[in-house]
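Q:
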Amino acid sequence: MERIVIAGGGIMGSCIAYYLALAGAASAVTVLEPDPTYEFAATPRAVGGIRLQHALRENVEMSLYGDQVYSAFAEHVRGGKVEFDPQFRRRGYLYQVRGPAGIAALEANVRLQRELGVEVDILDVVELRRRYPSFRFADVDCAALSPADGQVDPYAALMGFRKAAEGLGIAYLKDRLAGLELSGGLVRQARLASGVSLPVDTLINVANCWAPEICAMVGMSVPIEPVRRQQFYFLAQQQIEPIPAMRHMDGLSVRTHQDGYIVGATNPRAGFDWEMAHEVFENVLWPQLAEQCGAFEAIKLKGGWLGHYDMNRLDGNPIIDRFDKVPNFILAAGFSGHGLMHAPAVGRAVKELILDGGFRSIDLSRLSWRRVVEGQPLADDGPTA
Ligand SMILES: Cc1cc2nc3c(=O)[nH]c(=O)nc-3n(C[C@H](O)[C@H](O)[C@H](O)COP(=O)(O)OP(=O)(O)OC[C@H]3O[C@@H](n4cnc5c(N)ncnc54)[C@H](O)[C@@H]3O)c2cc1C
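At position 237 of the sequence shown (counting the first as 1) the number is 236 in numbering that gives the first Met the number 0, and the numbers step up by one without a gap.
1) When every heavy atom of ligand 1 is checked, does at least one fall within less than 6 Å of the C-beta of tyrosine 37?
2) Which runs of the beta strand (DSSP E) at least 3 residues long sit entirely within the region 211-291? Give them in chain order.
3) For glycine 346, verify whether its CB is less than 6 Å away from any heavy atom of ligand 1.
4) Residues in its own chain within less than 7 Å of glycine 259 by CB, not counting five upstream and five downstream?
5) Taking 6 Å as the cut-off, does the CB of isoleucine 10 come closer than this to any heavy atom belonging to ligand 1?
6) Where in the region 294-377 do unbroken runs of the beta strand (DSSP E), each at least 3 residues long, occur, reported from the N-terminal end onward?
7) DSSP on threonine 42, reduced to helix/strand/coil?
8) Would you kindly work out how many angstroms separate the C-alpha atoms of alanine 147 and tyrosine 92, rounded to a whole number?
9) Tell me the DSSP secondary structure of leucine 144 in three-state form.
10) Answer yes or no: the CB of alanine 264 versus the heavy atoms of ligand 3, is any distance below 6 Å?
11) Are tyrosine 17 and phenylalanine 160 closer than 7 Å when you measure CB to CB?
12) With a threshold of 8 Å, are at least 3 pairs of Cβ atoms found where one atom belongs to the region 190-209 and the other to the region 250-264?
13) Please report the straight-line C-alpha distance between glutamate 60 and glutamate 74, rounded to a whole angstrom.
14) For glutamine 86, report the span of its beta strand (DSSP E) as first-last.
15) If asparagine 311 sits next to isoleucine 318, beta carbons under 8 Å apart, how far is it from one beta carbon to the other, in whole angstroms?
16) To which residues of the same chain is alanine 269 closer than 6 Å at the C-beta, ignoring the five residues directly before and after it?
17) Taking the alpha helix (DSSP H) that glutamate 74 belongs to, which residues open and close that run?
18) Along the beta strand (DSSP E) that carries isoleucine 3, what are the first and last residues, could you check?
19) Just reading off the beta strand (DSSP E) that asparagine 204 is part of, what are its end residues?
20) Could you check the C-alpha separation between arginine 50 and methionine 245 for me, to the nearest Å?
21) Are proline 222 and leucine 288 close, meaning C-beta to C-beta below 7 Å?
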C-alpha cells in the first residue's frame, strides 16, 4: 500500500486524512503535527465564516460543499470516539460596493453565484437602509446579500475532523517534518525533528504559513507569506437590529460575535507578528465603525485575538497541485483567509488526486502550480477574506 505522509494536522491535514480514511486508505496515512494544542495554527484562530460569495467558480463550489458538510456535520463526519459539534448557524453575508467598477463586478459575481445555486440578492441603498436602519451606507451604491452564509466554531470543526480521522484509523505523530530525501525526482524519505525517518510515496504539504519552508525542501519557491489578521471584539451600548456579516469592498468587516461584534484588520506588512496592535482599533477601525453606524460611537472594547493568513501574493487563492519537478509532492496552501470554509472540499479533492487519478467532484485544475510558474494570476474581483 502507498505510504502517504501529511505535513500539518490543522483543518486541511485533518480533512485530507479523513477523506483518505473514508476511502479505505487509513493504514497508509501518517499525519505529522508537532503541536496537538494548535497554539499558533490558523484554524482555531479563524472567525469561522462559511462565505458563499466569491468571484471564482471554484471558490463558490468549495464553499457550497463546505456548507453542506458543516451544516449537517454529524451526518458527514463520522467515526470519532468523541463527537464535536461545530455549531453551524446561518448568519448571512452582505458585501457592499461603490462606483461603476464595483457595481459591475458585483453584478457579474452574483450572476455566477446564482448559476451555481447560491441564494443572493442585490439591494440598493434605500432597501439597505430599510433593512438595517442603524447603518448609514453613505459610501455604498449597492450590496449583495446571501442570507444562507454560515458560521461555525473552528476549533470544534478541526477536532471533529481529527477525531473522526483517528477513529477511522489515521495515525497522528507529534513530530515536525524537518527534511526530505529525494532521489530520481521523487520524495523518498521524510526526516522528522525527533530523528525518525519515514518512507514516503506521497508527501502532502498542508503546513499553511509554514508551507513555504517545506516547499523549499524540494526546491519549490512559492509566493505565500504569513500576514497578520487581528480581530477586535466589542460591545455596543445601544442595541441594534440583527445584522449579517457585513463587508465593504474597501475592507471594513464587522459581524456579530457572542453578545457583541467583531471587526477585523489585516496587516499591510507580511511576516509573523504575534503582538496585538491595539492602536489599530482606536485609530483606524473605531472611527470607521462610528461613521457607518451611530450606535458604534459608544462601544466598549472587550478583547481580541490574532492569527496569520497564508497569503498567496499572486492572486489570493490557493495552490492545490502536484509539484511538476517532484510529482509525488502535493501542495495545498495559500488559502489567504478562506481555508476553513474550503477544507472539506480540499480534503475530498486531494483524496481524489491521490486515489482517483485527478479531481472528480469539483474541477480545481485552475488552482494550479503552473499559474505560479507562468505568473498568471486568476482574476478575482470578489470579496477578499
Ligand atoms: C484571524 C483569522 C480569521 C480567519 N477567518 C476565517 C473564516 O472566517 N473563514 C475561513 O474559511 N477561513 C478563515 N481563516 C483562514 C483559516 O483559518 C485557514 O485558511 C485554515 O485554518 C488553514 O488550515 P490549515 O490546516 O492549512 O492551517 P493550520 O491550522 O495553520 O495548520 C497547519 C499546521 O501545520 C503544522 N506545521 C507547521 N510546520 C510543520 C512541519 N514542518 N511539519 C509538520 N507540521 C507542521 C502547524 O503546527 C499547524 O498546526 C481565518 C484565519 C485567520 C488567521
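Don't be surprised by glycine CBs; every beta carbon is placed ideally from N, CA and C.
A: Inspection of the coordinates gives the following:
1) yes
2) Taken in chain order, the complete beta strand (DSSP E) segments of 3 residues or longer contained in the region 211-291 are 223-235, 244-247, 252-256 and 259-265.
3) no
4) Tyr232, Phe233, Leu234, Ala235 and Lys301
5) yes
6) 298-311, 318-322 and 325-332
7) helix
8) 8 Å
9) strand
10) Summarising the ligand content, the structure contains ligand 1 and does not contain ligand 3.
11) yes
12) no
13) 20 Å
14) Taken as a continuous stretch (DSSP letters only), glutamine 86 belongs to no beta strand (DSSP E), as it is neither H nor E.
15) 7 Å
16) Annotation for alanine 269: Glu224 and Val226 place their beta carbon closer than 6 Å to its own, counting only its chain and skipping 5 residues before and after.
17) Counting along the chain, glutamate 74 sits inside the alpha helix (DSSP H) bounded by residues 72-75.
18) 3-6
19) 201-204
20) For arginine 50 and methionine 245, the distance between alpha carbons rounds to 11 Å.
21) no
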